[in-house]
Amino acid sequence: MCADRYTLLICLQRYTSVPLDARYSGVRLYKQNLAFIGGAVMKMKRHIRITAIILFVAVFSLFIVHIYRHYTSNPYDILSEQGRYGANECLLEANMGNSEYIVFYLSDNNKITATIMQKGLLRYNIQYSSDIPLANINNSDFRFGTFDRDRWIFWGVLYDVSVKEIYVEDENARILKTSYPFSICYITGDGTLQEVPNYEIVY
4 MCADRYTLLI CLQRYTSVPL DARYSGVRLY KQNLAFIGGA VMKMKRHIRI TAIILFVAVF
64 SLFIVHIYRH YTSNPYDILS EQGRYGANEC LLEANMGNSE YIVFYLSDNN KITATIMQKG
124 LLRYNIQYSS DIPLANINNS DFRFGTFDRD RWIFWGVLYD VSVKEIYVED ENARILKTSY
184 PFSICYITGD GTLQEVPNYE IVY
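Using my numbering, the first residue of the sequence shown is number 4, and each one after it goes up by one.
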């Protein structure tokens, strides 16, 4: 029986046909290959970690920039940057409360557009948008619509400077002057209306 290392070596040399030095060389080569593979795997893992960190920092930085612009830009800037709404010039912008804004602007298609936007955690949500073509504007032109399921808006463009007040459903609408020879009026209300509300123009 091969009881110790010396006896084990004698047994290996006696009962195997491969020289002992050759077997030791094969073991050394196997260990070297294992060490080389292990080193390559460690380098690959290190490279993957570095790449993951760089990607995380880049994505996080873009997220921070987006959040900063979201909370520092006004609603019209958001519309203008998106491009698809054709925003050309801001006429008026009003805070409706509850993180809601109404924006009146001139669009590229020669229209006056009213858009209601709600400021969310990461972006603005468009709740309502309609327009009045400039070619159809006379002394008064109005639009009516609903948004946020059970709320409505009535708005219009006024060229007649003699208009003092406008009452919609017995409520006084806001009249806002612009830098152009027309004013904009609007009013919002709760509830669902199936048709254009009654309104009265006071001169």
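Using N, Cα and C, we set each Cβ at its ideal position, and we do this for glycine too.
Just so we're clear, the structure is a prediction, and the values are computed from it rather than from any experiment.
Taking the straight line between their C-alpha atoms, what separation do you get for residue i and residue j?
i: Ala176; j: Glu84; result: 30 Å
i: Ser133; j: Asp173; result: 23 Å
i: Ala97; j: Glu203; result: 23 Å
i: Gly194; j: Asp151; result: 10 Å
i: Ala90; j: Asp111; result: 6 Å
i: Ser143; j: Leu137; result: 11 Å
i: Tyr183; j: Glu92; result: 12 Å
i: Asp80; j: Phe145; result: 25 Å
i: Val199; j: Asp153; result: 15 Å
i: Ile135; j: Asn113; result: 9 Å
i: Arg126; j: Ser76; result: 11 Å
i: Lys48; j: Gly148; result: 59 Å
i: Lys46; j: Gly123; result: 44 Å
Please classify residue i: is it buried, with 16 or more other beta-carbons within 10 angstroms of its beta-carbon, or exposed?
i: Glu103; result: buried
i: Ala55; result: exposed
i: Ile51; result: exposed
i: Met120; result: buried
i: Ile169; result: buried
i: Phe63; result: exposed
i: Val171; result: buried
i: Leu58; result: exposed
i: Leu82; result: buried
i: Ile53; result: exposed
Between residue i and residue j, how many whole angstroms is the CB-CB distance? I'm expecting something under 8 Å.
i: Trp155; j: Gly100; result: The Cβ separation is near 16 Å, so there is no contact.
i: Val60; j: Pro78; result: Not confirmed; about 30 Å, so no contact.
i: Thr116; j: Tyr131; result: Not quite, the Cβ-Cβ distance comes to about 11 Å (not below 8 Å), so this is no contact.
Excluding the 5 residues flanking residue i on each side, which residues of the same chain have their C-beta closer than 6 Å to its C-beta?
i: Leu225; result: The chain is shown only over 4 to 206; residue 225 falls outside these bounds and no answer can be derived.
i: Asn128; result: Gln121
i: Ile178; result: Ser186, Cys188
i: Leu196; result: Trp155
i: Val209; result: Nothing about residue 209 can be read from this structure; the chain reaches only from 4 to 206.
To which residues of the same chain is residue i closer than 7 Å at the C-beta, ignoring the five residues directly before and after it?
i: Lys167; result: Val205, Tyr206
i: Asn201; result: Glu172
With contact counted as at least three CB pairs below 8 Å, one residue from each stretch, are the segment 148 to 160 and the segment 185 to 193 in contact?
yes
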